[in-house]
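For reference, the structure discussed in these notes is given below.
See the structure below:
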């Protein structure tokens with residue numbers, strides 16, 4: 463009733479091509495990353511800059527908008543009351 467599935471020739475060629483393509487070079491977990499993970503302190507610095515800049519961006523934008531709205535000439539100087 464059920465026959466054993468047998469791969470056709472094209473599947474066998476594709477598998478052989480994939481195995482051949484992946485068989486050269488040194489296999490490491492970091493080969494496909496656009497940065498080096500060998501130096502952990504440099505990696506830490508890069509991650510702090512990457513995530514820190516993304517976290518700080520909304521605060522910088524809000525500060526810029528507040529400073530743009532309230533220019534120094536719009537704020538009256540403080541009144542000094544003699545005692």
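Residue numbers (the working numbering): 463 to 545. For glycine and all other residues, C-beta sits at the position ideal for the given N, C-alpha and C. Bear in mind the structure is a predicted one, so any value in this text is a computation, not a measurement.
Taking 9 Å as the threshold (C-beta atoms), are residue 515 and residue 556 in contact? The question about residue 556 has no answer, for the chain in this structure spans 463 to 545.
Does residue 521 come out as helix, strand or coil in the three-state DSSP assignment? Looking up residue 521 in the chain shown gives position 59. Residue 521 falls in the helix class under three-state DSSP.
Specify the secondary structure class of residue 541 as computed by DSSP and reduced to three states. Within the chain shown, the letter at position 79 stands for residue 541. Residue state, collapsed to three classes: coil.
Report the three-state DSSP secondary structure of residue 515 (helix, strand or coil). Your numbering for residue 515 matches position 53 in the chain shown. In this structure, residue 515 counts as helix in the three-state DSSP scheme.
For residue 520 and residue 526, I'd like the C-alpha separation in whole angstroms. For the purposes of this step, residue 520 is identified with residue 58 of the chain shown, where counting begins at 1. For the purposes of this step, residue 526 is identified with residue 64 of the chain shown, where counting begins at 1. For residue 520 and residue 526, the distance between alpha carbons rounds to 10 Å.
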